[in-house]
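Under this note's numbering, think of the first position of the sequence shown as 17, with each following residue one higher.
Input: a single structure, listed below in structure tokens.
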Amino acid sequence: PRLVDQFVKAANSNRVDFAVDLGDLVIQTNPAQDRHYLLKLKEQFNALTVPRYSVHGNHDLAFMGRNEVAGILGAQPDSHSQDIN
Numbered sequence: 017p018r019l020v021d022q023f024v025k026a027a028n029s030n031r032v033d034f035a036v037d038l039g040d041l042v043i044q045t046n047p048a049q050d051r052h053y054l055l056k057l058k059e060q061f062n063a064l065t066v067p068r069y070s071v072h073g074n075h076d077l078a079f080m081g082r083n084e085v086a087g088i089l090g091a092q093p094d095s096h097s098q099d100i101n
């Protein structure tokens, strides 16, 4: 959580165009703990003042499907592309 807070502060203060989380946000403990941890991370990511995009890692998908992880994080479950600046 400290690293995510540091990242959010740095991204906001440097006024980046967007942020990408590269997944593997959970430790594969059990479904309930993984969901709980993702919800806490979502709260931290919500402090970003720029758009955030998520890439799901294999750890994130051990107990949950892409749609569930995307729903928790408020992200798109499928691949996509986008032009930004």
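C-beta: ideal position from N, C-alpha, C; glycine also.
Quick caveat, the model's predicted, so the values are computed rather than measured.
Would you call HIS96 buried or exposed, if buried means 16 or more other Cβ atoms sit within 10 Å of its Cβ? exposed
Using the beta-carbon count (16 or more within 10 Å), is LEU89 buried or exposed? buried
Do PHE61 and ARG51 come within 7 Å of each other at the CB atom, strictly closer than that value? No, these two residues do not count as a Cβ contact at 7 Å.
Do the CB positions of LEU64 and ALA26 come within less than 7 Å of each other? no
For the alpha helix (DSSP H) containing ASP21, list its first residue and its last residue. 18-29
ASP40 - DSSP class collapsed to helix/strand/coil: coil
Under the three-state reduction of DSSP, which class applies to ALA63: helix, strand or coil? coil
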